[in-house]
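Engineer: Protein chains in written order, with the working numbering: chain V, 1 to 113; chain L, 1001 to 1115. Below is a structure I'd like to ask you about.
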């Protein structure tokens, strides 16, 4: 079993829809949880960073962590065509750069105008 | 400020050859991490360098190596290339502190094709 599993895609939604992206993990040592967005031919860019369980909101994006279920989610409200990209969850045992990021495989989202 | 730059952007090699990829981090960043991205395995951590020392390593064979220079620029080398080494190689830089909100900034990657 891989340490981090991410829902396979691709996912296609109409503009304005609420999108839910999910990852599960097996290693209870993970403490820091991230969501990255990767556009075609670009490197990943950090969207959300959360520590331990709870919710974090940033504009149209909400990250949710449930450590008891080893489950994290990213919600995108009022989705836009510009949100079309690959979304990757990532997690680490320690904070900061001195920590190895373990990624999910990513899911490709397409938002139809 | 300028972002992370990687050169070359695209590379074609044949099996058995070796390749060197370069990464210039954001100015002031002392940590550089390297990742391999493939459709089958996703993004996998290769290694991290900080102040010219490797301080973290993933589960890749010894054919994959790296180094960091005093100006924080980093190179990774893959020797005796195999078809399975075809991938997007990404580097990420950060300040290198252990702050809880430390962010890794990724470059655009080098796409390597091994024939």
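In this text, a Cβ means the ideal position worked out from N, Cα and C, and glycines have one as well.
(1) Going by other Cβ atoms of all chains shown within 10 Å of its Cβ, with 16 needed for buried, is residue 1035 of chain L buried or exposed?
(2) Tell me the rounded alpha-carbon separation between residue 76 of chain V and residue 109 of chain V.
(3) Interface residues of chain L around residue 44 of chain V at Cβ under 7 Å?
(4) How many angstroms separate the CA atom of residue 987 of chain L from the CA atom of residue 61 of chain V?
(5) What are the start and end residues of each continuous beta strand (DSSP E) run of 3 or more residues lying completely inside the stretch 1063-1109 of chain L, in chain order?
(6) If you follow the beta strand (DSSP E) that residue 1047 of chain L is part of, which residue opens it and which one closes it?
(7) Closer than 8 Å by beta-carbon distance: list the chain V residues that pair up with residue 1103 of chain L, in chain order.
(8) Mind checking which residues open and close the beta strand (DSSP E) that includes residue 4 of chain V?
(9) Could you check whether the Cβ of residue 1045 of chain L sits closer than 8 Å to any Cβ belonging to chain V?
(10) Please check if any C-beta of chain V sits within less than 8 Å of the C-beta of residue 1058 of chain L.
(11) By how many angstroms is the C-alpha of residue 1114 of chain L removed from the C-alpha of residue 1016 of chain L?
(12) Under 8 Å between C-beta atoms, does residue 30 of chain V make it to chain L?
(13) So the candidates are L:1040, L:1013, L:1029, L:1068; which of them puts its Cα closest to the Cα of residue 1049 of chain L?
(14) Taking the C-alpha atoms as reference points, what is the distance between residue 112 of chain V and residue 1070 of chain L?
(15) Give the single residue among L:1055, L:1063, L:1090, L:1042 whose Cα lies nearest to the Cα of residue 1112 of chain L.
(16) I want to see whether chain V comes within less than 8 Å of residue 1066 of chain L, judged by CB atoms only; does it?
Structural biologist: Here's the rundown:
(1) buried
(2) 11 Å
(3) Chain-order list of chain L residues neighbouring residue 44 of chain V: 1106, by C-beta distance under 7 Å.
(4) Outside the displayed span of chain L (1001 to 1115) sits residue 987 of chain L, for which this structure offers no information.
(5) 1064-1068, 1074-1078, 1087-1094
(6) 1042-1050
(7) 46, 49
(8) First-last of the beta strand (DSSP E) with residue 4 of chain V: 4-6.
(9) yes
(10) yes
(11) 9 Å
(12) no
(13) L:1068
(14) 47 Å
(15) L:1090
(16) Contact with chain V is absent for residue 1066 of chain L, since none of that chain's Cβ atoms lies less than 8 Å from the residue's Cβ.
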